[in-house]
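No gaps in the numbering here: position 256 of the sequence shown is 255 in numbering that gives the first Met the number 0, and each next residue is one more.
Built from N, CA and C at the ideal position, the CB exists for glycine as well.
Note that the coordinates shown come from a computational prediction; the quantities given were computed from them, not determined experimentally.
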Amino acid sequence: MDQEQLIRAAVQSGALKKGVKVKAGIIALVLLIVGLILLGGFPAGQASAATCEDTGPGTADASAESDTGGGDATGSLQEQRLTYAKTIDSVAKKHKLPGRATLIALMTAMQESSMQNLAHGMGDSVGLFQQRPSMGWGTNSQIRTPSYATESFFLGRGTNPGLVDFKNWQKLPLGDAAQKVQKSGHPTLYAGHETAMRKLAREAGIDVDRGGSTTGDKPGTTTGGAGTNDPVTSENTCGVTTTPGATTGRGGTFSDGKQTWNLSNPRTVNEAIAWAKSHSGAGSTSNWYQRCLAFTAIVYGWSFSGVDYAIDHFSVVPKSMQHRGDRHPPPGALMYWDTGHRAGHIAVYLGDGKVASNDILRPGYIDVVDAGLFETKWGAKYVGWTPPYFPKAG
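This is the structure:
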């Protein structure tokens, strides 16, 4: 009950009573309530900013609050936004990105969190961009570090693509570019922040029209876009998307090879294959979108792979275990594809030409499909296979 309701109740109560003493008492009560309100004895009625914006999936509470935690700015709300804006721009400059990238990030942060380093959000979403630990964006603490979260937005993190991973992002409408990264259930809301964020950028001394590289200095990319023809070597283990020995993407059959490895994973090959099958199809949950590497590690009983990108895991495995272009993987092997994006793709081979993979039939779900489907459906290039070796897993 707010102060207006309290006063109204008191006055109405007085109207029902008779006598000077009663009315005098009611008047005194009203004066007491007003005094308490002025002194802070009762909380004033609050207008929720969240009710003025659509904070559905992909967005956070739009209230202008500043949660405590790592990386929080101080001062008034506007001062905090200026601080975060400068942080976002400094990360863009660090990676040689143009001012347009900064503007897209500002618009995104404004929509997702009202440009506040929130400790809460939809599900386990936190931070400026409302990134989720459960989706591989990092730990809660990392995501709530503004520079880390901004770098993730620009360059991607784990199997999550960033802004520079999308071809011709700089030519897209600003809101559409933001949506490419965020995949919000409300994709049209980002564009509405352009005018306000241009004004904020001017106040912060940010040039949103400056030039820069469309791919920044992200490893494994060039100014021509994501994907290079550099070989995977010990000097270049950041994951290239075109690998010598890969096929042309026209598809092909796979048959079982002989298992010769002796590895110690939490699950044996047979246990891993059984687990993958039982968690595919009708047994799959919907939280595997762009988490192919995480899935393969979990199949073998690990909590995480310890590697950022699926295609990079091929390089982490010793060369003696890398079987480039070979179409005879043993059941339980890890298979790799160049998808034309930074992260690439990885799947667990189940035998008989089948793999368990996320996203190939249904985004976010695991399904058992023919291993050749990635080439015929996605146009991906088969790189090869390795034993299920996870040297950085935990």
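Which residues share a DSSP beta bridge with Thr395? As shown, the chain starts at 0 and ends at 393. That puts residue 395 outside it, with no answer to give.
Exposure of Thr247, with buried meaning 16 or more beta-carbon neighbours within 10 Å: The predicted position of Thr247 is uncertain, since its pLDDT is 40 and thus under 50; no value can be drawn from it.
Give a yes or no on whether the C-beta atoms belonging to Gly215 and Leu96 are separated by under 7 Å. yes
Roughly how many angstroms separate the alpha carbons of Met334 and Tyr288, rounded to a whole number? 18 Å
Among Leu102, Gly191, Arg326, Lys380, which has the Cα closest to the Cα of His340? Lys380
Three-state secondary structure (DSSP) at His192? helix
For Glu111, count neighbouring Cβ atoms within 10 angstroms of its own Cβ and tell me buried if that reaches 16, exposed if not. Classification for Glu111: buried.
Is it the case that the Cβ atoms of Arg131 and Ser124 are separated by a distance below 7 Å? yes
Spatial distance of Glu374 from Gly98 (CA atoms): 37 Å
Report yes if the C-beta distance between Gly343 and Ile297 is below 7 Å; otherwise report no. no
Between the alpha carbons of Lys93 and Ser254, how many angstroms are there, rounded? 47 Å
Ala100 vs Gly126 beta-carbon contact at 7 Å: Judged by beta-carbon spacing, Gly126 lies beyond the 7 Å limit of Ala100, meaning their Cβ atoms are not closer than that value.
If you count every other CB in all the chains shown that lies within 10 Å of the CB of Arg156, and 16 or more means buried, which is it? Arg156 is buried by the Cβ-count criterion.
Give the range of the alpha helix (DSSP H) segment to which Lys179 is assigned. 173 to 181
Determine the closest residue to Ser117 out of Ala176, Met134, Leu76, with distance taken between C-alpha atoms. At residue 117 the sequence reads Leu, which differs from the Ser that was named. Of the candidates Ala176, Met134, Leu76, the one whose C-alpha sits nearest the C-alpha of Leu117 is Leu76.
Sort Thr107, Leu81, Leu105, Gln115 by Cα distance to Asp71 and report the nearest one. Gln115
Gly211 versus Leu162 - alpha carbon distance: 14 Å
State yes or no: is the C-beta of Ala203 within less than 7 Å of the C-beta of Ala84? yes
With C-beta atoms as the reference, is Met320 less than 7 Å away from Thr385? yes
Does Met106 come within less than 7 Å of chain B when only Cβ atoms are used? The structure shown contains no chain B, having only a single protein chain.
Is it buried or exposed, Pro328, if we count other Cβ atoms within 10 angstroms and call 16 or more buried? Counting Cβ neighbours within 10 Å, Pro328 comes out buried, since at least 16 surround it.
Considering Cα atoms alone, identify which of Arg266, Ala332, His278, Ala392 is closest to Lys257. Ala332
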